[in-house]
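Enquirer: Using the working numbering, the letters of the sequence shown correspond one by one to residues 18 to 166. Every residue, glycine too, gets a C-beta built ideally from N, C-alpha and C.
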Amino acid sequence: MRSQHFRGNVFVANLPPEYSDEQLAEAFDSFGIVLSASIARDPMTGRRLRYGFVDIATERAAKLAVESMNGAQVEGYNLDVRISERPTATKRPPRPAAGPRRPPPRTAPRASADLADEEEASFAPRARLQPRRQPSFQVERRSLPRRSG
């Protein structure tokens, strides 16, 4: 069955060291419309890595290019040409689990206003406490009689 969005991505390995993107496109141009051609480069140095990808417009043209160019000699190098395998979700290793999950709380969550009132009552600073009131009547202070004995 033909994929609806197939673009004929062809992988080409063992390219000559000084081969350019344009030369790669020209090498595959006779098989069909080349949408793009690029040689992989080292991200740190920018040096060519001797492999690349060619996007050919149709699946049929891509298969014809693979059959014709695989093993072909270019500037003394035998090319390794094949249909590119796109990474799929099934080929990736499974991600490790994050760990056990906590069940949801059994009690209904309290409104934040209720919680704020409780916190104020239980953690009231001492500065808010009212000083003790002195009795309004006068107490006569006199010493107690001593017991003899």
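Leaving aside the five residues before and after E35 along the sequence, list all residues of the same chain whose C-beta is less than 7 angstroms from its C-beta, in chain order.
Expert: For the purposes of this step, residue 35 is taken as the residue at position 18 of the sequence shown. Spatial neighbours of E35 in its own chain (CB-CB distance under 7 angstroms, excluding positions within 5 residues in sequence) are not present.
Enquirer: Does the Cβ of L32 have 16 or more other Cβ atoms within 10 Å, making it buried, or fewer, making it exposed?
Expert: Along the sequence shown, read from residue 1 onward, the residue named residue 32 stands at position 15. When all chains shown are included, L32 counts as buried.
Enquirer: Confirm, please, whether the CB-CB distance from A82 to V27 is below 7 angstroms.
Expert: What you label residue 27 is simply residue 10 of the sequence shown in a count that begins at 1. What you label residue 82 is simply residue 65 of the sequence shown in a count that begins at 1. In this structure, the beta-carbon distance from V27 to A82 falls below 7 angstroms.
Enquirer: Here's the rule I'm using: 16 or more other beta-carbon atoms within 10 Å means buried, otherwise exposed. How should A44 be labelled?
Expert: As a first step, residue 44 must be located in the sequence shown, where it is residue number 27. The residue in question, A44, is buried, as its Cβ has 16 or more Cβ neighbours within 10 Å.
Enquirer: Under 7 angstroms between the Cβ atoms of A89 and F48?
Expert: As a working mapping, residue 89 is identified with position 72 in the sequence shown. As a working mapping, residue 48 is identified with position 31 in the sequence shown. Not closer than 7 angstroms, so no.
Enquirer: Any idea what DSSP makes of R164, helix, strand or coil?
Expert: As a first step, residue 164 must be located in the sequence shown, where it is residue number 147. Reduced to three states, the DSSP call for R164 is coil.
Enquirer: Please report the residue range of the beta strand (DSSP E) in which F48 lies.
Expert: As a first step, residue 48 is located in the sequence shown; it is residue number 31 there, counting from the start. No beta strand (DSSP E) holds F48; DSSP gives it neither H nor E.
Enquirer: How big is the Cα-Cα spacing for V71 and P120?
Expert: In the sequence shown, the residue the question calls residue 71 occupies position 54. In the sequence shown, the residue the question calls residue 120 occupies position 103. Taking the straight line from one Cα to the other gives about 51 angstroms.
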